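Going down the list, the sequences are from chains A and B.
For the first sequence, this note's numbering puts the final residue at 491, and the numbers step up evenly by one.
For the second sequence, this note's numbering puts the final residue at 498, and the numbers step up evenly by one.
Read through the structure below, which is laid out as structure tokens, and then see the notes.
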Amino acid sequence: MFVLQQTIGQRSFERESRGYYGEFHPCQTIDTGFESRRVAYLFNTADQQQQMLEVIGERSIEDLFADIPETLRLKRPLDVPAGLTELELESLTRSLAKRNVAVGDRACFLGGGAYDHFIPAAVDEIASRGEYYTAYTPYQAEASQGSLQTFFEFQTLICQLTDLNVSNASMYEGGSSVCEAAFMAIRSTRRHDRIVVVGSINPQYLQVLRTNLEHLNCTVDIVPTPDGYADPDEVAHHVDSRTACVIYQHPNFFGCLEEPEALVEAAHAQGALAIAAFDPISLGVLKSPGTCGVDIAVAEGQSLGIPLQYGGPYLGLLACREEHVRKMPGRLIGQTVDRNGKTCYVLNLQAREQHIRRGKATSNICTNQGLMALRATVYLSLLGPQGLKEVAELSCQKAHYLANRLAQVDGLELPFQRAFFKEFTLCCQDGASAFQERCREKGFDVGPNLEFSLPDDSRTGLPADQTLLLAVTEQRTRNELDRLVDAAAKQ
Amino acid sequence: MRNNSATKLLFELSQPDRRAAVFPPCDVPERSLADLIPGDQLRERPPELPEVTEPDVIRHFVNLSTLNMSVDTHFYPLGSCTMKYNPKRHERLSNLHGIVDIHPHQDPRDIQGMLQLLYEMQEMLGEIAGLPAVSLQPAAGAHGELTALLTAAAYFRDRGENRTKVLFPASAHGTNPASAAIAGFDCIQLKGNDDGLVDLDELKSHLDDQTAVFMITNPNTLGLFEPNIAQISQMLHDVGGLVYIDGANMNAILGITRPGDFGGDMMHYNVHKTFTGPHGAGGPGAGPIAVRDFLADYLPGPIVSRTEQPDGSVQYSLTQPSKSIGRVRSFFGNVGILIRGYLYLRTLGPDGLKAVSEQAVLNANYLMTKLQDVLPVPHGKRCMHEFVSSAASVQQRRGISAMDIAKRLLDYGFHAPTVYFPLDVPEAIMIEPTETEARRTLDEFSDAIHAIVEESADLLHDAPHTTPVSRPNDVQAARQPILRWQPTPTATPVGSGT
């Protein structure tokens with residue numbers, strides 16, 4: 001054993017430390033005795049521990065645990081694998097990584113709520129700064145202005161994107177944000193009995209709503225969308241004076257555009273709130289939720305510079321009209337001044353939150369997705385209005401090129417005669433799974449397959465086992481699109 | 001070195017026609033956007049985002065970062081939050097191409113490495129909890145609480161029992177009652193006894209066939225292990241109720257005792273705390289839950305299952321429990337954080353995990369002893385991984401509050417502890433040093449506290465004095481909320497470097 005490194009940051013290590021950071025154990029067997037075991041990240045030597053115990057007035061560390069009754073103690077070591085050095089850990093992780101086919105190893109046309117958009121290097125660079133990612137919730141404003149100002153900028157960017165007045169500082173992800181918006185609407189309208197959900201919403205969002213609402217005897221009334229989008233008159237028919245809100249997604253799960261203004265009108269006609277789930281990238285070209293009159297807009301913000309990482313951590317966006325601000329869940333950052341009149345930023349309107357209001361809080365959320373909000377803030381800063389428009393237009397153009405070409409292939413069909421943005425629905429005569437398999441063999445991932453994502457085909461009227469989605473981002477090249485079309489054609 | 005002009009807002013840096021990101025020209029035959037999307041659906045002009053260059057962006061956010069305290073830069077003894085060191089190997093490994101670039105709709109056959117990792121995480125969390133069935137779905141601790149309560153509600157419903165009450169001690173985290181309320185339960189808060197522990201008579205008086213769940217943090221938020229926890233659990237089980245363990249304080253008991261062994265039926269982990277997530281300036285976290293066998297069928301899915309094939313090979317797949325409450329979020333979970341937790345568990349192993357708790361408890365008791373003369377601890381002679389001091393006597397003697405001390409600590413180069421929580425300790429200062437601090441740091445912190453309590457009260461009321469800003473006017477912030485920048489006089493123009 002030799003010491004490679006003796007300092008981390010500004011604090012130097014005690015030389016005797018058994019913390020093995022920087023120590024190198026290329027091939028050592030594992031001992032279990034206290035003195036010889038390899039323990040990471042502990043920085044007091046045995047001597048120091050003894051001295052500390054003397055100060056405390058105890059003889060052993062064991063004595064400090066006297067309050068834990070003997071009968072409740074675990075009398076054996078935990079049955080988890082033995083500890084690893086950094087070198088061993090790296091080799092283990094690389095071997096696990098090799099057993100995955102990552103996005104990029106195949107061209108990714110997967111959608112259904114998470115998308116392979118490009119992430120500029122500057123996003124990773126900023127998000128990997130320890131000053132951000134090793135801090136916590138900015139309770140001490142004086143020592144957290146970096147995070148607080150960033151979140152204030154995040155809130156502003158989301159307001160600019162949505163044309164709504166208020167955004168919070170992030171939620172967990174898209175599905176739970178939809179659910180929080182529904183709770184907000186229920187509180188705001190004091191209508192606890194029912195909500196109306198347009199059937200073209202992401203089925204996972206719908207499942208989250210059902211998990212949280214149905215056991216409270218709140219009816220989740222689903223409006224079928226056999227044409228791939230909602231008929232606003234049909235939606236209006238479902239809304240009554242007991243309905244808290246109408247929730248729709250636009251562009252919807254099938255990729256189709258809804259008629260947002262008419263859906264908002266259907267909600268407002270009965271005093272219900274209109275909740276829209278949006279795709280933040282689509283707002284480079286599509287009219288914003290605020291312009292369409294929605295009361296609460298929510299989104300999965302993963303597309304804004306957040307890696308796919310098998311489903312999370314992502315970023316829940318939630319913005320609303322000003323009149324609902326005190327019903328909002330989650331952190332809100334406000335601008336104020338310090339004692340010297342200098343502009344600064346603080347956690348604001350905390351009386352809504354669980355640490356103050358406890359059982360009467362607007363939500364139970366505490367830890368949110370701060371680092372992901374930072375990524376989105378950097379991403380949107382880098383893109384600006386023109387960059388966002390380009391990403392949106394490129395995705396849209398390429399998606400239409402691919403859709404048109406696939407529609408000409410025998411046995412494939414675009415079932416919905418409806419405008420779409422970057423994602424579309426495809427029916428495959430010989431089955432969606434067979435189609436996926438053909439693409440997979442040629443180096444393309446397509447989906448999700450509705451057989452697994454939306455097995456209940458009553459909402460579309462399409463056979464689920466023949467239907468799948470394809471999403472196209474700005475990252476896909478014409479060459480990839482053309483090769484996918486070739487792969488799609490049955491041999 | 002701090003750049004004092006760094007506090008301009010992005011929007012004030014904006015100048016027309018500047019940009020950082022440029023994309024390749026469209027390589028497919030372009031059609032007019034109006035041909036693709038109905039005209040009334042198109043926005044008239046792009047959103048009013050700032051227009052800045054890449055160097056603007058980098059300098060802005062790098063300079064802003066220097067206005068933060070963080071674990072990488074400062075001792076951060078924020079009680080209840082377990083601000084331990086965040087190993088850098090986790091960042092490198094969780095960002096490997098074959099780990100980070102996985103789409104949630106990929107075919108399970110193509111991500112066997114990822115599923116194996118998540119399966120092993122389920123197994124390890126079940127073992128550490130002593131509760132075998134695990135769901136990795138919840139995104140944070142509070143989300144785990146809600147998920148477990150929904151799971152319990154489904155279990156009771158399935159048994160035809162109508163149980164409406166969730167009980168918790170007064171010292172509980174605010175998330176406990178908030179989660180119970182959202183899950184549709186009536187919240188009943190119990191007074192603690194004089195020792196800061198659960199009052200068994202008080203508990204007993206609320207137990208009946210309406211009792212669904214008792215939520216308890218153990219060690220509790222005062223940093224004390226509930227010595228009667230087995231009896232408490234038995235009392236709940238006798239009336240058919242369940243015991244929920246808030247796992248925020250797991251850092252004290254890893255490998256020493258297990259929630260399942262002291263009577264807990266369900267628990268959540270805070271992977272960002274105990275297993276060094278990291279905290280990300282407020283998240284993301286991960287709040288997986290572990291429950292007893294008889295609750296497994298109700299857990300949210302998907303869960304990773306392992307099957308051995310006839311040829312001896314192993315396959316991992318996603319399954320949905322038979323009576324599942326459904327989903328509590330989209331996709332699998334906060335996988336990026338779960339991976340960091342996995343790497344941490346694999347680094348430490350059984351001995352390392354136990355040593356973590358031993359050293360965390362040693363550090364906390366050492367610091368508690370060093371501070372006892374000026375910041376006495378009202379409850380308990382010893383503590384577990386954290387302790388709650390009271391500044392009440394200092395306040396009486398010197399007229400300085402817990403908040404004054406917290407703010408002044410920032411000048412000394414320490415992040416403040418948690419203050420004014422738990423609610424039942426006057427002038428509470430909740431200190432959690434964690435195991436990743438050396439004795440030297442604890443001594444320096446103790447010296448700082450001893451110096452501070454002798455400083456002039458006026459100096460302390462105005463503290464901090466050396467931070468980028470002084471105490472903010474919270475009242476003004478709440479009275480006239482400014483929650484976004486606007487290009488009108490509504491927002492106060494931000495002076496540069498003043």
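For every residue, glycine included, the Cβ atom is placed at its ideal position computed from N, Cα and C.
Computed from a predicted structure; not experimentally measured.
Compare the C-beta of residue i with all C-beta atoms of chain B and state if any pair is closer than 9 Å.
i	result
H400/A	yes
Y21/A	Note that Y21/A scores a pLDDT of 32, beneath 50, so its modelled location is shaky; the value from the coordinates is reported in the next line. By this cut-off, Y21/A is an interface position.
H324/A	no
S188/A	no
Q309/A	yes
K442/A	no
T425/A	no
E451/A	no
K287/A	yes
A82/A	yes
Determine, using beta carbons only, whether residue i and residue j come nearer to each other than 9 Å.
i	j	result
V62/B	A135/A	no
V28/B	Y139/A	no
E474/A	F118/A	yes
R306/B	Y119/B	yes
H173/B	C366/A	yes
C428/A	L33/B	no
P169/B	G192/B	yes
R484/B	F152/A	yes
G57/A	L348/B	no
V223/A	I195/A	no
G311/A	V335/B	yes
A185/A	I296/A	yes
G305/A	A376/A	yes
L216/A	P47/B	no
E258/A	A230/A	yes
Skipping 5 residues on each side, what residues in its chain have a beta carbon closer than 6 Å to that of residue i?
i	result
S167/A	Q155, I158, C159, A319
V178/A	Y205, A277, V298
R476/A	K398
M83/B	V71, Y76
Y21/A	Below a pLDDT of 50, predicted positions are generally treated as unreliable, and Y21/A, at 32, falls in that range; no measurement from the model is reported.
Q112/B	Y316
Among the options, which residue has its Cα nearest to the Cα of residue i?
i	options	result
I37/B	S282/A, L87/A, K98/A, I247/A	S282/A
I323/B	L299/B, L442/B, T82/B, G264/B	Reading the sequence as shown, one finds Lys at residue 323/B and not Ile. Of L299/B, L442/B, T82/B, G264/B, the residue nearest in Cα terms is L299/B.
V294/A	R94/A, I275/A, T336/A	I275/A
S288/A	R45/B, R31/B, R327/B	R45/B
I188/B	L207/B, P24/B, Y344/B	L207/B
R210/A	P310/B, R329/B, V271/B	R329/B
G316/A	V361/B, T175/B, P284/B	P284/B
A448/B	D411/B, I429/B, E427/B	D411/B
Quick test of your reading: residue i and residue j, contact by CB under 8 Å. State the CB separation rounded to the nearest angstrom.
i	j	result
P77/B	E432/B	6 Å
A133/B	A290/B	7 Å
Output yes if chain A places a C-beta closer than 9 Å to the C-beta of residue i; else output no.
i	result
E48/B	yes
M250/B	no
E435/B	yes
D297/B	no
T418/B	yes
V71/B	yes
P38/B	yes
I482/B	yes
A428/B	no
What I want to know is whether the C-beta of residue i ends up closer than 8 Å to one or more non-hydrogen atoms of the ligand NAP.
i	result
R76/A	Among the components of this structure there are no ligands whatsoever, and the ligand NAP is therefore not found.
Who are the near neighbours of residue i in its chain, counting only those whose CB is closer than 8 Å to its CB and skipping five residues on each side?
i	result
V243/B	V213, F214, I216, I232, S233, L236, H237, G263, G264, D265, M266
List the residues of chain E whose Cβ lies closer than 8 Å to the Cβ of residue i, in chain order.
i	result
F445/B	This model lacks chain E altogether; the protein chains it does include are A and B.
Excluding five sequence neighbours on each side, which residues of the same chain lie with their C-beta closer than 7 Å to the C-beta of residue i?
i	result
G255/B	P350, L353, K354, S357
Q270/A	V239, D240, S241, T243
A272/A	T189, V239, T243, A244, C245, V246
Q309/A	none
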